[in-house]
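What follows is a set of notes on a single structure, which appears directly below.
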Amino acid sequence: MKFSAAGGWFGGDWYQNVRAGAKYGFQAVEQLGWSHLDLAKAKATLDETGVTSTCIIIQSRENPDYNKQMAWTHGMVWEDTRQIFIESFKESLAAAKIMGVPNICATVGNLRDDVSSEEQFDICVGTLKELAKIAEAEGIMIVLEPLNILVNHMGYYLVTTEQAVAMIKAVDSPNCKILFDIYHQQISEGNVIRNIQNNIDLIGHFHIGDNPGRNEPGTGEINYANVFKAIRDKGYDRYLAFECGRTVPVPELMVNMHNLIDPFDVK
Numbered sequence: 095m096k097f098s099a100a101g102g103w104f105g106g107d108w109y110q111n112v113r114a115g116a117k118y119g120f121q122a123v124e125q126l127g128w129s130h131l132d133l134a135k136a137k138a139t140l141d142e143t144g145v146t147s148t149c150i151i152i153q154s155r156e157n158p159d160y161n162k163q164m165a166w167t168h169g170m171v172w173e174d175t176r177q178i179f180i181e182s183f184k185e186s187l188a189a190a191k192i193m194g195v196p197n198i199c200a201t202v203g204n205l206r207d208d209v210s211s212e213e214q215f216d217i218c219v220g221t222l223k224e225l226a227k228i229a230e231a232e233g234i235m236i237v238l239e240p241l242n243i244l245v246n247h248m249g250y251y252l253v254t255t256e257q258a259v260a261m262i263k264a265v266d267s268p269n270c271k272i273l274f275d276i277y278h279q280q281i282s283e284g285n286v287i288r289n290i291q292n293n294i295d296l297i298g299h300f301h302i303g304d305n306p307g308r309n310e311p312g313t314g315e316i317n318y319a320n321v322f323k324a325i326r327d328k329g330y331d332r333y334l335a336f337e338c339g340r341t342v343p344v345p346e347l348m349v350n351m352h353n354l355i356d357p358f359d360v361k
């Protein structure tokens with residue numbers, strides 16, 4: 095188990111946040127957007143600090159209009175975005191390879207009301223299969239994210255663990271797995287530990303945040319000590335990334351997080 099700091103904790107630009115993460119002892123920092131970066135400068139910053147950038151999202155710098163087509167208000171559930179996703183994934187993959195990023199996050203967009211849910215499922219699977227072919231050839235992981243529709247992403251298509259598992263199984267690629275966001279799944283369905291334990295082989299990445307408030311563990315209702323123990327006990331060895339706010343200054347936050355994490359012999 096390896097932990098990645100939330101870039102937003104540090105309040106700087108992308109490069110400053112990487113340096114701050116290193117200062118506070120993190121081996122990794124997660125900041126999903128990449129299209130604004132000077133990739134050579136980003137690589138140099140990561141190399142100099144020894145920090146890993148753990149995940150980026152599918153974006154296009156060459157065709158900014160593509161980003162609107164891939165957003166939640168449209169997205170992968172529409173068949174007219176397939177080629178857009180393929181081209182943007184190739185761009186994102188090139189950026190990930192420069193920076194040494196192991197994961198690329200995919201989202202699917204909002205539920206359509208003009209075709210059945212089953213048809214939308216099949217459209218997403220078709221697009222993900224095309225992306226997975228590229229990912230397999232290049233040795234990178236696509237991580238598909240379910241989101242909650244009760245608080246943050248009203249109307250989003252992919253909500254439950256069951257739906258995400260079905261989609262990943264339909265894609266049937268070792269390089270396409272679930273991004274299990276503990277905050278989102280607690281809101282959507284609860285049953286977090288059992289869903290993680292039952293599907294750990296299909297999970298490629300975790301996001302961490304407490305509920306309510308989406309701040310650091312220990313500020314809400316989720317028993318993160320038990321969640322982390324369950325993940326460790328299943329042998330998970332990829333990254334868990336904090337994607338949350340903070341309620342205390344960073345030095346105090348670091349003490350609190352070390353107290354929570356250290357009993358499980360993780361980094």
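Count along the sequence shown from 1, then add 94; that gives the number in the working numbering.
For glycine and all other residues, C-beta sits at the position ideal for the given N, C-alpha and C.
Quick check: residue i and residue j, are their CB atoms within less than 7 angstroms of each other?
i: His299; j: Asn197; result: yes
i: Val245; j: Leu273; result: no
i: Ala116; j: Thr143; result: yes
i: Tyr251; j: Val202; result: yes
i: Tyr330; j: Ile294; result: yes
i: Ala319; j: Cys270; result: no
i: Ser129; j: Arg155; result: yes
If you draw a straight line from the alpha carbon of residue i to that of residue j, how long is it in whole angstroms?
i: Ala190; j: Phe179; result: 16 angstroms
i: Arg332; j: Cys338; result: 19 angstroms
i: Trp108; j: Thr139; result: 10 angstroms
i: Ala335; j: Gly101; result: 10 angstroms
i: Phe104; j: Ala114; result: 7 angstroms
i: Asp304; j: Tyr277; result: 6 angstroms
i: Ala264; j: Ala258; result: 10 angstroms
i: Met170; j: Asp216; result: 10 angstroms
i: Leu296; j: Ile262; result: 7 angstroms
i: Ile192; j: Lys137; result: 7 angstroms
i: Ala231; j: Pro268; result: 11 angstroms
i: His352; j: Leu205; result: 40 angstroms
i: Glu283; j: Glu310; result: 20 angstroms
i: Phe322; j: Gly119; result: 19 angstroms
i: Val112; j: Val145; result: 7 angstroms
i: Ser211; j: Gln280; result: 23 angstroms
i: Gln177; j: Met235; result: 19 angstroms
i: Asp266; j: Gly220; result: 11 angstroms
i: Asp275; j: Val195; result: 19 angstroms
i: Gln110; j: Val349; result: 21 angstroms
Terminal residues of the continuous beta strand (DSSP E) containing residue i?
i: Asn275; result: According to the sequence as given, residue 275 is Asp; it is not Asn. Unbroken beta strand (DSSP E) run through Asp275: 270-275.
i: Ser98; result: 96-100
i: Tyr250; result: Note, Tyr250: premise wrong, no beta strand (DSSP E); not H, not E.
i: Phe120; result: No beta strand (DSSP E) contains Phe120, which DSSP labels as neither H nor E.
i: Tyr333; result: 333-336
i: His299; result: 297-302
For a test of the three-state rule: what should DSSP assign to residue i, helix, strand or coil?
i: Ser147; result: strand
i: Asn285; result: coil
i: Cys218; result: helix
i: Leu238; result: strand
i: His278; result: helix
i: Val209; result: coil
i: Ile152; result: coil
i: Trp103; result: helix
i: Asn204; result: strand
i: Asn305; result: coil
i: Leu225; result: helix
i: Leu173; result: Rather than Leu, the amino acid found at residue 173 in this sequence is Glu. Three-state DSSP puts Glu173 in a helix.
i: Thr167; result: coil
i: Ile262; result: helix
i: Leu131; result: coil
i: Glu315; result: coil
Keeping to the same chain, check which residues put their C-beta closer than 6 angstroms to that of residue i; ignore five residues upstream and five downstream.
i: Pro306; result: Gly314
i: Leu241; result: His247, Tyr250, His278
i: Glu224; result: Ile180
Where do the N-terminal and C-terminal ends of the alpha helix (DSSP H) with residue i fall, by residue?
i: Asn197; result: Segment 197-200 is the beta strand (DSSP E) holding Asn197; no alpha helix (DSSP H) there.
i: Leu354; result: 344-355
i: Val112; result: 108-117
i: Ile180; result: 176-193
i: Ile325; result: 318-327
i: Tyr160; result: 159-164
Leaving out the 5 sequence neighbours to the left and right, which residues in its chain are closer than 7 angstroms to residue i when beta-carbon positions are compared?
i: Ala324; result: Ile287, Ile290, Gln291
i: Leu126; result: Cys149, Ile150, Ile151, Cys199
i: Gly106; result: Ala114
Beta carbon of residue i: closer than 6 angstroms to some heavy atom of the ligand GTP?
i: Ser182; result: Annotation note on the ligand GTP: not contained in the displayed structure, which lists no ligands.
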